[in-house]
Amino acid sequence: MALGRLRLLLALWLARAAAVLSRSLGRGGATALPGLLAERVAPGFVPTIASQFESGAVLITGTNGKTTTARLLASALSAGGHAFVHNREGSNLTRGIASALVHASDWRGYLKDSRTFALMETDEVTLTFAAGALQPRAVAFTNLFRDQLDRYGEVDAVSSHWRKALDSLPSDTTLVLNADDPSVAELALDWSGPLHWYSLAGAREEAAFPGPADARWCRDCGGVYDYELRYTGHLGRWRCSVCGRSSPQPDTRATSIEATPDGLRLVVSGLGDVEVPLGGIYNAANALAAISLARVIGISNGDIQAGLAATRPAFGRGELVVLGGLSLRLLLCKNPAGASEALRLVADEDGTVDVAFVLNDRLADGRDVSWIWDVDFELLSGRINRCWAGGVRAADAALRLHYAGWPISVSSRSTPGSFLDELTQWEGDNPVTILLTYTALLELRAELSRRGAYSQSTGGRISTATA
Ligand SMILES: [Zn+2]
Numbered sequence: 005m006a007l008g009r010l011r012l013l014l015a016l017w018l019a020r021a022a023a024v025l026s027r028s029l030g031r032g033g034a035t036a037l038p039g040l041l042a043e044r045v046a047p048g049f050v051p052t053i054a055s056q057f058e059s060g061a062v063l064i065t066g067t068n069g070k071t072t073t074a075r076l077l078a079s080a081l082s083a084g085g086h087a088f089v090h091n092r093e094g095s096n097l098t099r100g101i102a103s104a105l106v107h108a109s110d111w112r113g114y115l116k117d118s119r120t121f122a123l124m125e126t127d128e129v130t131l132t133f134a135a136g137a138l139q140p141r142a143v144a145f146t147n148l149f150r151d152q153l154d155r156y157g158e159v160d161a162v163s164s165h166w167r168k169a170l171d172s173l174p175s176d177t178t179l180v181l182n183a184d185d186p187s188v189a190e191l192a193l194d195w196s197g198p199l200h201w202y203s204l205a206g207a208r209e210e211a212a213f214p215g216p217a218d219a220r221w222c223r224d225c226g227g228v229y230d231y232e233l234r235y236t237g238h239l240g241r242w243r244c245s246v247c248g249r250s251s252p253q254p255d256t257r258a259t260s261i262e263a264t265p266d267g268l269r270l271v272v273s274g275l276g277d278v279e280v281p282l283g284g285i286y287n288a289a290n291a292l293a294a295i296s297l298a299r300v301i302g303i304s305n306g307d308i309q310a311g312l313a314a315t316r317p318a319f320g321r322g323e324l325v326v327l328g329g330l331s332l333r334l335l336l337c338k339n340p341a342g343a344s345e346a347l348r349l350v351a352d353e354d355g356t357v358d359v360a361f362v363l364n365d366r367l368a369d370g371r372d373v374s375w376i377w378d379v380d381f382e383l384l385s386g387r388i389n390r391c392w393a394g395g396v397r398a399a400d401a402a403l404r405l406h407y408a409g410w411p412i413s414v415s416s417r418s419t420p421g422s423f424l425d426e427l428t429q430w431e432g433d434n435p436v437t438i439l440l441t442y443t444a445l446l447e448l449r450a451e452l453s454r455r456g457a458y459s460q461s462t463g464g465r466i467s468t469a470t471a
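Below, the structure is given as structure tokens:
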């Protein structure tokens, strides 16, 4: 017992020292190393600290939308004056969760504020660990798309990881499930505890633009899913053609969605009007996930509405960045579904558009870039005024844009510096939308920070910290 305690403290002190050192070396927010150390030195670190959360833990997982859903929920918690601990963007692995707990603890191994909520995004594969270690009150599953095949294998593999994770949850955990995604809905077959369903399908009666579908088959009977409507990828109102299993009745549902100059206005059952200052239908789904989680953990309607309305986009999720006379909108694209959604957001605008595509193939992006051929770049054919290709795989990006019928892209420069040099020669009136892969976003952010760019959304300078 005493040894275990000593070990925990040693782990915590080493981790905190590493965080201080990392910061003083200018390595930014130290989102990985402290947690990695803590977990190595004291393998029970996360569950020991996590057991102190009196308000409990909430997990968010899924292919797309984790970060934005977490931000929306964080904003609702803030509006209600609730304290929370949140693992930062890009740190949704075990070490990122552990790092968040290192920062939330004092030197004696206690939470600085035990009334705090733990709000953790987790990687699909880290979910099993997080479920066991954090014993969450609620877990949201946003969607399951093809993503980073190198790392995770097929969607079926992720789906079986998820099912395994359910075994580690307390039996009274509420699963918050996207009713529009049959791959997510299947989880209910393995869960006897409480469920909370959300759905956007009721707000999308018009024929939508489905984009690439990650086709799935019914787990009960192997039948093909039929769709009464599909609003993106394989999400929509579905029904198994053989056994008849279909989209569950939602507990939280949007009855209408409207694009506004500032983002979205949703009408949500039992809540009324909700303003979300983020564009794109995928953010409507993220908002419903956040609203559902907030309801499950008892946040008031007023705090939900105020919180969502006050949300700021995360870096790379539509934030406007100003560099000299140039306005840039950065949209992270990690997979075909996310990239096609980002393009649809641009397509919703009037007139011609200026768009860049920056493609890297580093480990965190996925080494295989063939996914770009599944992205619906054709959506903007005929609408492009000027376009650029960049990144380590700029040539592949340019080729893809060429086949989509876009004009010849201006640059094939591969470093963030030369890419920005090329871009800043442009004197257009509209913001340039930049679609980027994960490491391309981090690298561009560092370069923008060096050049003194500032964020129009926060009004502050872009910092080098990996937010
Ligand atoms: Zn079936």
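Here my numbering is used: the first residue of the sequence shown is 5, the next is one more, and so on. Glycine is no exception: its CB is placed at the ideal position from the N, C-alpha and C atoms.
Who are residue i's beta bridge partners in DSSP?
i	result
serine 109	Leu115
arginine 241	Leu233
leucine 335	Arg321, Leu439
serine 26	DSSP lists no partner for serine 26.
serine 250	Arg243
phenylalanine 88	Phe121
Could you tell me whether any non-hydrogen atom of ligand 1 is closer than 8 Å to the CB of residue i?
i	result
glycine 248	yes
aspartate 127	no
aspartate 224	yes
cysteine 244	yes
glycine 227	yes
Mapping the DSSP letters down to three states, classify residue i as helix, strand or coil.
i	result
tryptophan 17	helix
alanine 313	helix
tryptophan 430	coil
asparagine 389	strand
arginine 11	helix
threonine 73	helix
tryptophan 166	helix
valine 45	helix
alanine 220	The question names alanine, but residue 220 is arginine in the sequence shown. Arginine 220 falls in the coil class under three-state DSSP.
leucine 472	Because the chain in this structure spans residues 5 to 471, residue 472 falls outside the shown range and cannot be described.
leucine 270	strand
arginine 465	strand
valine 159	helix
leucine 97	coil
alanine 36	coil
leucine 193	helix
Just how far apart, CA to CA, sit residue i and residue j?
i	j	result
aspartate 154	valine 379	Residue confidence is low: aspartate 154 scores 49 on pLDDT, short of 50, so the model does not pin down where it sits. No coordinate-derived value is stated.
alanine 401	phenylalanine 145	31 Å
arginine 257	serine 203	5 Å
alanine 310	cysteine 225	44 Å
glutamate 353	serine 55	48 Å
alanine 318	alanine 450	15 Å
alanine 471	alanine 205	Because alanine 471 carries a pLDDT of 38, less than 50, the predicted location of this residue cannot be relied on, and no value is offered for it.
serine 413	serine 422	15 Å
alanine 102	serine 385	45 Å
phenylalanine 53	arginine 404	The residue asked about is misnamed: residue 53 is isoleucine in this sequence, not phenylalanine. So the alpha carbons of these two residues sit roughly 48 Å apart.
glutamate 262	leucine 270	6 Å
glutamate 43	arginine 99	7 Å
tyrosine 286	arginine 112	42 Å
Three or more C-beta pairs below 8 Å linking the stretch 436–444 and the stretch 357–371: yes
Cβ contact (3+ pairs, closer than 8 Å) linking the stretch 236–256 and the stretch 172–179: no
Inter-stretch contact at 8 Å, needing at least 3 Cβ pairs: the stretch 12–23 / the stretch 46–66: yes
The stretch 285–303 in contact with the stretch 57–72 per 3-pair CB rule at 8 Å: yes
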